[in-house]
Each structure stands twice: as C-alpha cells, then as structure tokens.
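What follows is a set of notes on a single structure, which appears directly below.
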DNA sequence: GAACCGTGGTC
DNA sequence: TGACCAAGGTT
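Numbering (the numbering used here), first residue to last: 1 to 364.
Next up, the structure:
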C-alpha cells in the first residue's frame with residue numbers, strides 16, 4: 001500500500017494507544033481477559049450497541065458463568081436469557097459452539113485462527129477479536145467501526161457493504177497493528193470509531209490521530225465510508241390470535257427450526273388472507289383444534305425487522321374442542337397456564353401482544 | 001455476491 | 001417520522 005510509505009505508523013500507534021489508555025470506557029467484559037467472556041461479549045455486540053448489550057451480558061454471565069455452565073444448559077433456557085436482544089441464531093450458534101469447545105477442546109477456547117473461525121457463529125471479525133483481545137495475538141478484527149475509521153484515515157472509497165472490501169482493511173490492519181499491544185490496538189480503533197470517529201459529525205477536533213487522517217486533510221470525512229443503501233423492508237400483514245380453552249389455558253406455538261425467529265414462541269398467526277378468519281381457523285384445524293374467533297384486541301400492531309415489517313391484527317377467541325388429539329400432539333402448539341406464558345422465549349413482536357393482554361399497556 | 005437475520009436509539 | 005445506524009454470520 002503506497003499510502004503507507006510516508007505514513008507515520010509508530011507515531012500513530014503511540015498516539016492512539018495513549019488516547020485509549022486514558023479514555024477507554026469501563027465495560028463489564030474489560031475487567032478480565034477470560035476468553036469465554038470476551039467471546040460472549042463479541043457475539044452480543046454484533047450489530048448491537050454497547051449500552052444495549054450491558055444488561056444482557058450481565059444477565060447471561062450470571063446464568064452461565066462458565067463454558068461448562070452454558071454447555072450444560074438447555075436451549076430453551078439459553079433463548080429465554082437472550083430474549084429481547086434479537087438475532088436469536090447468535091444464541092443458538094453460541095450454545096452449539098460452546099458445546100463443541102467442551103467436547104473437542106477440553107473446555108478451553110482454542111487460540112488459533114482456524115479452530116476459532118470453525119466455531120459456529122464465529123466469522124472473520126469475531127475470530128480476530130477473540131484472538132487479539134483475549135490472547136493478545138496480532139490479528140485483524142475488522143468491524144464497521146474499523147472500516148469507517150480506516151476508510152477516513154487512508155481515503156478508501158470501496159463500498160463497505162461489499163464482502164470483499166473487508167479484506168482490504170484487514171490488509172491495512174496487518175500493516176499498522178501494534179505487535180506489542182494488539183489487544184489494545186484493535187480495541188482502540190473500535191473505541192475511536194464509537195466515541196470520536198462517528199458516522200455523522202465526527203469529532204475531528206478531539207481526535208488523537210487527526211494529523212494522520214487523509215480524509216480530514218481533504219475535508220471529506222463526512223463522505224466516508226462509502227456505503228450502498230439497503231433495499232427498503234417489505235410490509236407483511238399478519239393475523240395473530242390469543243385462544244383460551246374452557247379451563248383458561250392459553251394456546252402458544254413454537255416457530256420452525258430455521259429462519260425468522262427460529263424456535264421462538266408466539267401466538268398462532270398467519271399471513272392475513274381472508275376476511276372471515278378462515279385463514280386462521282383452517283391453520284388451527286391442521287393442528288387438531290376447532291376454534292372460534294370472537295373479537296379483535298388490537299389492530300395494526302407494527303414490528304419492524306431488518307428486511308421485513310409485520311403489521312399484525314390481534315384477535316381473541318376460544319378453543320371449541322380438540323378435534324384430533326394426535327394432530328395436536330404432533331403440532332408445535334401447546335396449551336399453558338396464563339401465568340406460565342413468561343417461561344417461554346417470545347420475540348419482542350409478541351411481547352407487545354403479551355403486554356397488551358396482561359398489563360394493559362398501549363400498543364404501538 | 002446478495003439476501004436473510006432483531007432490536008432500540010438517534011437525528 | 002422515517003431513515004440510518006450498531007463490536008457480523010450464515011445460507
């Protein structure tokens with residue numbers, strides 16, 4: 001990289017590390033360098049802000065303090081602990097990967113790139129993050145922060161939404177990373193991205209490495225990084241129903257094994273089809289139940305996902321009879337006491353419905 | 001590659 | 001309020 005020829009690497013490292021030493025945030029996972037704790041924190045921090053993660057991290061580490069504890073937990077409990085944090089495959093992948101570490105590595109997180117990367121849910125960024133932060137090995141850990149900071153420092157105009165672009169930045173990191181303090185170096189770049197070199201209105205006047213920044217020199221820091229816009233999420237109209245039987249039990253349903261909100265629980269729902277609710281009743285009859293839809297609880301409950309918007313009309317009704325016990329047993333439906341609904345992991349979209357029913361909260 | 005996967009905060 | 005953003009990985 002030509003731009004690195006006259007670029008003061010040593011001065012950059014010293015100024016960056018000095019700033020990090022003086023300004024780094026006191027975060028729960030920075031208190032000790034337990035590879036398991038670093039690992040859990042890095043998975044939670046994927047696409048998620050520090051302030052959001054902290055309470056989940058505390059709760060999760062309290063429930064599963066060690067690899068052994070998490071490996072021995074059942075998946076339902078793991079999902080329940082993750083409830084509300086989103087991207088639930090992260091939790092299931094982490095659970096599976098921890099079991100692999102227990103089985104194949106005697107319960108010790110491996111300390112080489114290949115083995116770490118082969119763990120479920122650990123991609124190139126997280127592998128580099130664990131290697132550098134937990135084991136102090138000089139490996140690049142390129143996330144959105146790093147790409148933003150480096151695109152400005154070195155005037156990189158490649159679209160960071162493209163997968164291939166990450167490799168460009170990994171190459172730069174390999175050139176400029178501190179061999180003496182790779183853990184602090186990687187964290188310092190990310191911390192700089194989070195606190196100073198922000199997406200909008202970066203605080204260049206406060207930046208400890210502003211004299212090294214080519215974007216600032218040309219006044220184009222606000223134009224970087226280049227990032228292609230995502231396509232707008234598509235609206236999907238849904239119907240959900242809260243059904244009660246003659247002894248007051250509530251019907252809930254576990255979602256499919258893969259895809260959106262996999263293995264999470266919900267109230268039975270379908271994509272809105274017919275006006276007369278046969279869309280719902282036919283679906284439930286496939287689960288062996290005869291039901292009667294009686295009234296609407298709420299309309300247009302919106303929930304926005306990354307690539308999808310649900311607009312849910314919520315109804316209530318009763319289970320007339322269990323028409324086919326065998327079908328019901330084979331289905332993913334389950335009758336539970338209302339006070340026990342809380343035992344099951346529900347996504348936020350359905351927590352909104354629970355809040356409406358149980359606590360009378362406003363639906364938005 | 002590009003689409004799929006959640007949620008909450010900010011401007 | 002809508003669009004954007006956040007310590008990405010899997011398919």
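Ideal placement from N, C-alpha and C gives every residue a C-beta, glycine not left out. Here the structure is a predicted model, which is why all the values come from computation and not from measurement.
If distances are taken between C-alpha atoms only, which option among the options comes closest to residue i?
i	options	result
residue 307	296, 7, 260, 283	260
residue 113	129, 103, 106	129
residue 335	91, 267, 275, 143	267
residue 37	23, 12, 134	134
residue 24	100, 179, 194, 106	194
residue 138	177, 104, 121	177
residue 92	33, 79, 247, 102	79
residue 159	152, 265, 227, 75	227
residue 13	118, 257, 100, 209	209
residue 18	115, 153, 181	181
residue 367	338, 325, 262, 29	Any property of residue 367 remains undetermined from this structure, which presents the chain solely from 1 to 364.
residue 67	164, 97, 85	97
residue 64	293, 86, 41	41
residue 72	90, 275, 99, 242	99
residue 146	123, 107, 188, 110	188
residue 75	58, 263, 237, 329	263
residue 175	5, 164, 349, 347	5
residue 273	296, 299, 237, 355	237
residue 255	357, 347, 57	347
State buried or exposed for residue i, treating a residue as buried only when at least 16 other CB atoms are found within 10 Å of its CB.
i	result
residue 364	For residue 364, the predicted structure reports a pLDDT of 37, less than 50, and the residue's modelled location is therefore unreliable. A value from the coordinates is still provided. Answer is exposed; the Cβ neighbour count stays below 16.
residue 304	exposed
residue 361	Reliability fails at residue 361, whose pLDDT of 43 lies under 50, so the model's placement of it is uncertain and the value that follows must be treated cautiously. It is exposed - the Cβ of residue 361 has fewer than 16 other Cβ atoms within 10 Å.
residue 317	buried
residue 9	exposed
residue 345	buried
residue 310	buried
residue 21	exposed
residue 246	exposed
residue 376	Shown here, the chain extends from 1 to 364; a query on residue 376 therefore has no answer.
residue 190	buried
residue 282	exposed
residue 276	exposed
residue 35	buried
residue 220	exposed
residue 26	exposed
residue 104	exposed
residue 217	exposed
residue 232	exposed
Can you tell me where the alpha helix (DSSP H) with residue i in it begins and where it stops?
i	result
residue 125	124-129
residue 96	89-104
residue 147	144-154
residue 6	Unbroken run through residue 6: none, as it is neither H nor E.
residue 55	50-63
residue 66	Careful: residue 66 lies outside any alpha helix (DSSP H) and carries neither H nor E.
residue 215	214-218
residue 193	182-195
residue 328	325-330
residue 161	No alpha helix (DSSP H) holds residue 161; DSSP gives it neither H nor E.
residue 351	348-354
residue 77	75-82
residue 285	278-285
residue 41	35-44
residue 114	113-117
Give me whichever residues DSSP pairs with residue i in a beta bridge.
i	result
residue 271	238
residue 265	254
residue 243	317
Would you kindly report the start and end of the unbroken beta strand (DSSP E) that includes residue i?
i	result
residue 253	250-254
residue 316	308-322
residue 294	289-304
residue 335	333-336
Taking the CB atoms as reference points, tell me whether residue i and residue j lie closer together than 8 Å.
i	j	result
residue 301	residue 353	yes
residue 119	residue 95	no
residue 239	residue 279	yes
residue 157	residue 141	no
residue 44	residue 53	yes
residue 289	residue 312	no
residue 204	residue 148	no
residue 285	residue 325	no
residue 151	residue 224	yes
residue 166	residue 121	no
residue 250	residue 173	no
residue 214	residue 154	yes
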